[in-house]
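Novice: Every number in our numbering is 8 more than the matching position in the sequence shown, counting from 1.
Where is the CB? At the ideal position from N, CA and C, for every residue including glycine.
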Amino acid sequence: MKHTCLIIEDCSFIREIYHLNLKNSKVEIIGEAQDGKEGLQKIKQLQPDIIILDLVLPEVNGFDVLSQTHKLSPHSKVLIVSTMADSNYKKKAMNLGAVGYLDKPFTKLDLLNAIDDITQQYDGVQNG
Numbered sequence: 009m010k011h012t013c014l015i016i017e018d019c020s021f022i023r024e025i026y027h028l029n030l031k032n033s034k035v036e037i038i039g040e041a042q043d044g045k046e047g048l049q050k051i052k053q054l055q056p057d058i059i060i061l062d063l064v065l066p067e068v069n070g071f072d073v074l075s076q077t078h079k080l081s082p083h084s085k086v087l088i089v090s091t092m093a094d095s096n097y098k099k100k101a102m103n104l105g106a107v108g109y110l111d112k113p114f115t116k117l118d119l120l121n122a123i124d125d126i127t128q129q130y131d132g133v134q135n136g
C-alpha cells in the first residue's frame, strides 16, 4: 500500500528532486506547496500520511507549520528537511512532533531510509 505524501518546500528544483527520488518508493506524492501558508491549506485539504517539510519557508515558517499540523491532520507524520543542522533546531522540531530530521544536503538513500522508517510506523500500527 502506498502512503500519501505532501511536499512543503520553497525551491521548485528541490521539489522536483523529491518527485524523482520518490518515484518508485512506498509513497505517492499527492501535493506540494511552495510556502508555509499554502502548506497549511494543503495539509488541511489533503490529509497526507507523510509531510516532507522544509523549515525555512516564506509566509509561515516550518516550525509554525509543524506546530499546527497535528491540529489540522492528526495522523500525519512530518519529516523535517533543513539546512539548519543545529541540534537545538532538531530538538525543537522533534518536540513539536516531527518524526524525522534530515540535514540538507542528503542523499537519495538518506531520504528513502527516512521515508521507509515512517511508512514502517504506519504499517506497524495497521498490522499490530
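Can you tell me whether residue 48 is helix, strand or coil according to DSSP?
Specialist: Here residue 48 refers to the residue found at position 40 of the sequence shown. Three-state result, residue 48: helix.
Novice: For residue 117, does the three-state DSSP call read helix, strand or coil?
Specialist: Start at 1 with the first residue of the sequence shown, and residue 117 comes out as number 109. In the structure shown, residue 117 sits in a helix (DSSP, three-state: H, G or I).
Novice: Between residue 72 and residue 43, how many whole angstroms is the CB-CB distance? I'm expecting something under 8 Å.
Specialist: Position 64 of the sequence shown, counted from the first residue, corresponds to residue 72. Position 35 of the sequence shown, counted from the first residue, corresponds to residue 43. Going by Cβ atoms, the distance from residue 72 to residue 43 rounds to 11 Å, so no, they are not a contact pair.
Novice: Around the Cβ of residue 50, are there at least 16 other Cβ atoms within 10 angstroms (buried) or fewer (exposed)?
Specialist: On the sequence shown, residue 50 is found 42 positions in, with the first residue counted as 1. With 16 or more Cβ atoms within 10 Å of its Cβ, residue 50 is classed as buried.
Novice: Three-state secondary structure (DSSP) at residue 7?
Specialist: Residue 7 lies beyond the residue range present for the chain, which begins at 9 and ends at 136; the question has no answer from this structure.
Novice: Is DSSP giving residue 67 helix, strand or coil here?
Specialist: For this step, residue 67 is matched to residue 59 along the sequence shown. If DSSP states are grouped into helix, strand and coil, residue 67 belongs with coil.
Novice: Under the DSSP definition of a beta bridge, which residues are partnered with residue 11?
Specialist: One-based indexing of the sequence shown puts residue 11 at position 3. Looking at the DSSP assignment, residue 11 forms a beta bridge with 35.
Novice: Distance, Cα to Cα, residue 45 vs residue 67?
Specialist: The residue given as residue 45 occupies position 37 in the sequence shown. The residue given as residue 67 occupies position 59 in the sequence shown. Each residue's alpha carbon lies about 6 Å from the other.
Novice: For residue 86, which of helix, strand or coil comes out of DSSP?
Specialist: The count along the sequence shown starts at 1 and reaches residue 86 at position 78. Three-state result, residue 86: strand.
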